[in-house]
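Residue numbers (mature numbering (1 follows the signal peptide of the UniProt record, and there is no 0)): -20 to -1, 1 to 174.
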């Protein structure tokens, strides 16, 4: 996974360098997300996300947008944690994520996006049966890869709205069948170039 992260960072650097002469805009984004683990938990967990991005125009309708994001995933429900007994459980995971989204402007302000994300778990906790567990040490690999699709619309004065769905590859933890399903909706702000 470290090799994947290195390759994505290298691609991002080359893309920024190669298109430095093209129009590049920078911005902030943030909002709410709902996440769950492949139906292992009964309820989605609400969280937040925030980050920065650089949009690099490639052609008239195409752009690439590397991002650096923080977000929280999780789930709640009845689950067999460390024993064959079903326990009430709530899981929270905090991530640093590097998405690289390829954007297509279907209309001048409406875009569709798709691309990979590399995610690094910085914190993983679970509360089950009234006890708290720090799960980060049980992770064999704290890196994971997601695929994301989304849609967005640019509003006046640099503001915009965005919705995205992400599906991660299985997490190599005590339960290797786990993978996240996450929906995000939020706002963007693009700094106006002079």
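Built from N, CA and C at the ideal position, the CB exists for glycine as well.
Keep in mind the model is a prediction, meaning the values are calculated, not measured.
| Cα-Cα separation, residue 36 to residue 7 | 12 Å
| query | Is any beta-carbon of chain D found at less than 8 Å from that of residue 91? | reply | Of the chains in the structure shown, none is chain D; there is only one protein chain.
| query | Does the separation of the CB atoms of residue 149 and residue 125 fall below 8 Å? | reply | yes
| DSSP three-state assignment for residue 136, whether helix, strand or coil | helix
| Three-state secondary structure (DSSP) at residue 117? | helix
| Between the Cα of residue 29 and the Cα atoms of 169, 165, 170 and 171, which residue gives the shortest distance? | 165
| message | As a quick exercise: from 161, 147, 146 and 142, pick the residue whose alpha carbon is nearest that of residue 167. | response | 142
| How would you label residue 73, buried or exposed, when you count the other beta carbons within 10 angstroms and need 16 or more for buried? | buried
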